[in-house]
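Structure first, commentary second.
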Amino acid sequence: MLTTSKKEFIEFMMSADVLRFGEFKTKSGRLSPYFVNTGNYKTGAQIAALGKFYASLVNEVCKDNFDAMFGPAYKGIPLATTTAASLSRDFGIDKPYFFNRKEVKDHGEGGSLIGYTPKSGDKIIIIEDVITAGTAVRETMPILYGCGDVKVEDMFISVNRCEIGKTEGKTAIMEVNEEFGIKVHSIVTVEDIYEYLKQSDKYSDMAKSMEAYMAKYCIL
8 MLTTSKKEFI
18 EFMMSADVLR
28 FGEFKTKSGR
38 LSPYFVNTGN
48 YKTGAQIAAL
58 GKFYASLVNE
68 VCKDNFDAMF
78 GPAYKGIPLA
88 TTTAASLSRD
98 FGIDKPYFFN
108 RKEVKDHGEG
118 GSLIGYTPKS
128 GDKIIIIEDV
138 ITAGTAVRET
148 MPILYGCGDV
158 KVEDMFISVN
168 RCEIGKTEGK
178 TAIMEVNEEF
188 GIKVHSIVTV
198 EDIYEYLKQS
208 DKYSDMAKSM
218 EAYMAKYCIL
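Under this note's numbering, read the sequence shown as residues 8 to 227, first letter to last.
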């Protein structure tokens with residue numbers, strides 16, 4: 008169901024040129040009629056607003072029942088940072104955050120993680136942009152498991168593309184849940200975007216392209 012808050016988030020992404028329509032080749036090699044690039048957020052107002060959208064979802068799902076937030080390099084870094092700020096400012100939930108380097112630093116403090124140092128028993132949530140094929144999650148989990156016996160049960164993303172993953176009949180998010188036991192929570196889904204487009208004559212052609220793409224690649 009396209010709620011007011013979901014509509015606001017879709018329009019927010021469009022206004023920031025983060026949600027774009029056209030023809031785009033995704034990491035999975037599919038030609039998609041839409042693309043989500045959180046790297047296009049570039050102002051203080053945008054990143055502050057984004058943090059509140061994420062923090063609202065985290066608060067709704069977890070409250071303060073977690074120990075730290077992890078933002079995978081590179082796009083997850085600002086996402087985790089702004090979510091942590093909004094959770095503290097807007098919801099009174101003050102939790103640490105951390106992120107990884109792509110390359111291990113061999114001087115100074117060294118290591119591949121920056122910020123909070125996870126320890127065994129910690130419950131970690133992941134803050135990421137989107138999941139298409141689940142590749143980034145499979146790269147992230149060894150990093151977290153390398154920190155000790157941590158629990159990773161929830162992941163938060165901007166858009167659930169609802170696309171078939173490596174296994175026929177299963178989305179990448181279903182695969183992530185089965186493989187790692189992680190529940191993925193999204194601010195909006197591809198269905199929400201499609202419903203938004205259908206409500207405006209301006210986007211009728213794009214809605215048809217979305218419908219065809221969803222029929223071919225999505226499980227709803």
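All C-beta atoms, glycine included, are put in the ideal place defined by N, C-alpha and C.
From the options, residue whose alpha carbon lies closest to that of residue i
i	options	result
Ile-200	Met-181, Asn-167 and Gly-51	Asn-167
Gly-122	Gly-153, Tyr-61 and Ala-87	Ala-87
Gly-99	Thr-90, Val-25 and Gly-36	Thr-90
Thr-174	Tyr-224, Ser-95, Lys-34 and Val-137	Tyr-224
Met-148	Lys-34, Ile-189, Ala-179 and Ser-93	Ile-189
Phe-42	Ile-150, Lys-32, Tyr-48 and Gly-36	Lys-32
Val-25	Lys-49, Arg-37 and Thr-139	Lys-49
Arg-108	Gly-128, Leu-94, Ile-132 and Tyr-81	Tyr-81
Phe-106	Glu-202, Cys-154, Asp-208 and Leu-57	Cys-154
Pro-79	Ser-39, Val-68, Ile-131 and Gly-176	Ile-131
Ile-54	Pro-103, Lys-14 and Asp-136	Asp-136
Ala-56	Tyr-203, Ser-207 and Ile-194	Ile-194
Asp-58	Ile-171, Phe-163 and Gly-176	According to the sequence as given, residue 58 is Gly; it is not Asp. Ranking Ile-171, Phe-163 and Gly-176 by Cα distance to Gly-58 puts Phe-163 first.
Leu-38	Gln-206, Ser-216 and Glu-198	Ser-216
Asn-47	Met-21, Glu-67 and Lys-205	Met-21
Ser-35	Tyr-104, Ile-138, Lys-126 and Arg-27	Ile-138
Ile-180	Lys-205, Gln-206 and Ala-143	Ala-143
Asp-74	Val-68, Pro-103 and Ala-52	Pro-103
Residue i classed as buried or exposed, judged by whether at least 16 other C-beta atoms fall within 10 angstroms
i	result
Thr-124	exposed
Asp-101	exposed
Met-221	buried
Glu-146	exposed
Pro-40	buried
Tyr-203	buried
Thr-178	buried
Integer Cβ distance of residue i from residue j, believed to fall under 8 Å
i	j	result
Ile-134	Tyr-210	Not quite, the Cβ-Cβ distance comes to about 29 Å (not below 8 Å), so this is no contact.
Gly-128	Asp-156	7 Å
Gly-141	Val-183	5 Å
Residue range of the unbroken beta strand (DSSP E) whose run includes residue i
i	result
Asn-72	From DSSP, Asn-72 is part of no beta strand (DSSP E); its letter is neither H nor E.
Pro-40	38–43
Arg-238	Since the displayed the chain opens at 8 and closes at 227, residue 238 lies outside it and no answer follows.
Lys-130	130–134
Ser-207	Taken as a continuous stretch (DSSP letters only), Ser-207 belongs to no beta strand (DSSP E), as it is neither H nor E.
Residue i: first and last residue of the uninterrupted alpha helix (DSSP H) it sits in
i	result
Asn-167	Segment 158–167 is the beta strand (DSSP E) holding Asn-167; no alpha helix (DSSP H) there.
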